[in-house]
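Asks: Supplied in structure tokens, the structure appears directly below.
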Amino acid sequence: MFEKSNTSGSDSKTGSECLKIRAHHLCCIQGFQGYGYSQGFVANMRAVISDIKAFPSRPLELVSECDVICTSCPNQRECTAQQSIASRRIRNMDLVVMEKLKIKEGTVMKADEAFRLINSQLANASDIEEVCGTCKWRQKCLWYMQMKDKCENKT
66 MFEKSNTSGS
76 DSKTGSECLK
86 IRAHHLCCIQ
96 GFQGYGYSQG
106 FVANMRAVIS
116 DIKAFPSRPL
126 ELVSECDVIC
136 TSCPNQRECT
146 AQQSIASRRI
156 RNMDLVVMEK
166 LKIKEGTVMK
176 ADEAFRLINS
186 QLANASDIEE
196 VCGTCKWRQK
206 CLWYMQMKDK
216 CENKT
């Protein structure tokens, strides 16, 4: 089910296989409630999340292109084309996340470190809106709702 990145190791039993993950998917993974584009997409998303929970030190390569989650998305062809408005919008979400995290495309870090970083660096409402503002899933995303509440309660 997983697409290996070019920087992959091979020992998935210990969680050392590097997974290619879109930077904005660090938010989506935390907020996923079972909604998705198709049953195949939902099943794959659950498998990716389960794997990362089982191996929190698994390395993730943070990218702005199709990743292990996108492999089961029925809209993948449009995303892969990199020319559509939707594709550019989604890629921009990744680039904004990388900018906010102060990391470069292709950065590899342990999953638990990546989640700690995104949850500490996207700390205000404008950051969250900049990343998630155009996402069609934001009203069903637990991460988005919790982060918005957290930011609103700060003021």
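Numbering-wise (the numbering used here), the sequence shown opens with residue 66 and increments by one.
Backbone N, C-alpha and C define an ideal beta-carbon position, used for all residues, glycine too.
(1) Look at the alpha carbon of S81 and the alpha carbon of D177, and state the distance between them as a whole number of angstroms.
(2) Which runs of the beta strand (DSSP E) spanning at least 3 residues fall entirely within the region 152 to 194, listed in chain order?
(3) Identify whether K203 lies in helix, strand or coil by the three-state DSSP scheme.
(4) Return yes when the Cβ of K85 is within less than 8 Å of the Cβ of E126, no when it is not.
(5) Below 8 Å between beta carbons: does that hold for D132 and H89?
(6) Nearest to E217 by alpha carbon, out of D192, I183 and I168?
(7) Could you give the DSSP three-state label for R87: helix, strand or coil?
Replies: Judging by the given coordinates:
(1) Cα to Cα, S81 sits roughly 13 Å from D177.
(2) Entirely contained in the region 152 to 194, the beta strand (DSSP E) runs reaching 3 residues are, in chain order, 173 to 175.
(3) First, the amino acid is wrong: residue 203 is Arg here, not Lys. R203 falls in the helix class under three-state DSSP.
(4) yes
(5) no
(6) Selection D192, I183 and I168 evaluated against E217 yields D192 as nearest (Cα-Cα).
(7) strand
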